[in-house]
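Reading through the structure tokens given below for one structure.
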Amino acid sequence: MGYTHLVARIDNLLEHSDSDLMEIFEGSTTCKDGAEIRVHLECRKAYGDVFLGNSNCEGFSPITGCPGHVDKPSIPTKMVLLLRELEAKKSSLKMFTVHSMAQKAAYQDAINLINDMYKDELGVYHG
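Written as structure tokens, this is what we have:
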């Protein structure tokens, strides 16, 4: 949806505690705990990697880092929080009644509307 850009020095990440590493990588790793993340980072460092980035960074190099990009606007924090809240409410509904199905559809409509508004905003920004 939005443009997320993460570039971190592996050495800086290794300075964090295992619990901090688990929190930093929450939702983006299959590792069971921070100690496993630490082992992965140490292996990457031993391999010669200096930076850790994500797949949204075009041209990213684990040795030299980010090549630089034209700035893109990020999703406003309020929008992100609203989307998360709507997704949580939608996910919590069970599909047992017509009423709950209608509520779920209404939440999805709201999510789609917010996403469309953001896309329109990007269109104006990029001209």
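The C-terminal position of the sequence shown is numbered 142 in the numbering used here, with every residue numbered one higher than the one before it.
Heads up, the beta-carbon is just placed ideally off N, CA and C, and yes, glycines get one too.
Give every residue of the same chain whose Cβ lies closer than 7 Å to the Cβ of Lys-109, excluding the five residues on either side of it in the sequence, and list them in chain order. Ser-115
Answer with buried or exposed for Glu-57, where buried requires no fewer than 16 other C-beta atoms within 10 angstroms of its C-beta. Burial call: exposed.
Report the option in Gly-80, Leu-97, Val-95 whose CA atom is closest to the CA atom of Val-22. Gly-80
Supposed contact pair Tyr-122 and Met-94 - C-beta distance, whole angstroms, cut 8 Å: 15 Å between Cβ atoms; not a contact.
Just reading off the alpha helix (DSSP H) that Leu-97 is part of, what are its end residues? 92-107
What whole-angstrom Cβ distance do Ile-129 and Leu-98 have, given they're in contact under 8 Å? Ile-129 to Leu-98, Cβ: 6 Å. Contact.
Report back the beta-carbon spacing between Ile-78 and Asp-64 to the nearest angstrom; my notes put them in contact at under 8 Å. 7 Å
How big is the Cα-Cα spacing for Asp-35 and Val-113? Asp-35 and Val-113: Cα-Cα distance of roughly 43 Å.
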